[in-house]
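Since the structure comes first, as structure tokens, the remarks are kept for the end.
There are 2 protein chains.
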Amino acid sequence: MDNKLHANISVRLFTDEKCFGPGIALLLHRINEHKSLRSAAISMGMAYSKAWTILKSSEKSLGFKLLNSTIGGKNGGGAMLTEDAKAILAAYDEYCAELKKYADKLFDKKFSFYKEKQDSKE
Amino acid sequence: MDNKLHANISVRLFTDEKCFGPGIALLLHRINEHKSLRSAAISMGMAYSKAWTILKSSEKSLGFKLLNSTIGGKNGGGAMLTEDAKAILAAYDEYCAELKKYADKLFDKKFSFYKEKQDSKE
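First to last, the protein sequences are chains C and Z. Take any residue in the first sequence, count from 1 to its spot, add 45: that is its number in my numbering. Take any residue in the second sequence, count from 1 to its spot, add 45: that is its number in my numbering.
Next comes the structure, spelled out in structure tokens:
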């Protein structure tokens with residue numbers, strides 16, 4: 046029986062409102078790769094306008110700019126992450142990775158009863 | 046400036062599909078309190094039909110029943126959590142609580158740069 050229980054952890058950062066999460070993190074990674082907000086959005090199957098809105102809303106809540114760019118224009122302009130964006134993205138990625146490691150160990154401890162239950166059914 | 050960055054962690058359990066998360070956990074707590082699926086749903090501002098669907102879908106993925114009940118009828122019947130439901134709810138709550146403790150400490154470590162940045166702005 047392949048019915049393995051596992052946990053997915055998602056991390057969202059808030060100030061007074063939501064400002065950073067898996068969506069903006071992925072968007073920033075793609076911008077870093079594609080050097081373009083438009084191409085990054087396309088690569089995620091996201092509308093350019095939505096990517097733009099997510100970015101602006103995150104910048105507003107965080108209190109700093111995420112992109113050095115000539116956004117707009119025919120090709121959506123070029124885009125590069127600011128130093129602040131690199132710092133928060135790195136912190137977020139490390140935070141999620143370390144949390145996941147701890148979460149996986151804790152999961153085995155807390156949910157062993159479920160595994161035993163499933164095993165006894167087989 | 047009150048712009049304190051913090052993290053919200055959400056935990057969702059999966060087998061082959063999503064089977065448990067904050068919504069069903071809250072619903073089970075409310076059922077335990079109200080001894081009724083209908084009253085529990087109302088207390089959360091949730092349609093009875095939605096509560097029912099969430100419950101059935103969670104039971105299907107987990108592979109066990111969550112409620113001992115006479116669901117349906119004029120008042121939605123009485124409802125009590127099964128022993129399995131109590132076990133998974135307790136495990137989920139403990140898991141989330143311990144994870145949160147670790148996450149808060151880790152947050153201070155990983156995001157101290159942001160706090161310093163904000164402080165220097167003041």
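Just so you know, even glycine gets a beta-carbon here, dropped at the ideal spot from N, CA and C.
By a C-beta neighbour count over all protein chains shown, 10 Å radius and 16 as the cutoff for buried, is residue i buried or exposed?
i	result
Thr60 of chain C	buried
Lys155 of chain C	buried
Ala135 of chain C	exposed
Ser55 of chain C	exposed
Phe152 of chain C	buried
Ala85 of chain C	buried
Ala130 of chain C	buried
Val142 of chain C	Going by the sequence as given, residue 142 of chain C is Ala instead of Val. Per the 10 Å Cβ criterion, exposed.
His52 of chain C	Note that residue 52 of chain C is Ala in the sequence shown, not His. Flag for Ala52 of chain C reads buried.
Ala92 of chain Z	exposed
Ser94 of chain C	exposed
Ser157 of chain C	exposed
Met46 of chain C	Interpretation of Met46 of chain C is limited by its pLDDT of 40, a score under 50 that renders its predicted location unreliable; no figure is taken from the coordinates.
Taking 8 Å as the cut-off, decide whether the C-beta atoms of residue i and residue j are in contact.
i	j	result
Leu126 of chain C	Leu107 of chain C	no
Ala96 of chain Z	Leu82 of chain Z	yes
Tyr147 of chain Z	Tyr147 of chain C	yes
Which residue wins for smallest C-alpha separation from residue i, given the options the options?
i	options	result
Phe65 of chain C	C:Asp164, C:Phe152 and C:Tyr140	C:Tyr140
Leu73 of chain Z	Z:Gln163, Z:Leu144, Z:Ala124 and Z:Asp164	Z:Ala124
Gly90 of chain Z	Z:Arg75, Z:Ser102 and Z:Ser157	Z:Arg75
Glu62 of chain C	Z:Asp164, Z:Glu62 and Z:Lys49	Z:Lys49
Ala132 of chain Z	C:Leu100, C:Glu104, C:Asn113 and C:Lys162	C:Lys162
Ile99 of chain Z	Z:His79, Z:Glu128, Z:Pro67 and Z:Lys145	Z:Pro67
Arg57 of chain Z	Z:Ser103, Z:Lys80 and Z:Tyr147	Z:Ser103
Determine which residues share a DSSP beta bridge with residue i and list them.
i	result
Leu58 of chain C	C:Phe65 and Z:Ala52
Met125 of chain Z	Z:Asn113
Comparing the C-beta of residue i with each C-beta of chain D, is any distance below 8 Å?
i	result
Lys155 of chain C	Among the chains of the structure shown, chain D does not appear; the protein chains present are C and Z.
Query raised in the report: According to a CB-to-CB cut-off of less than 7 Å, which residues of the segment 63-97 of chain C neighbour chain Z?
Result: Residues: none.
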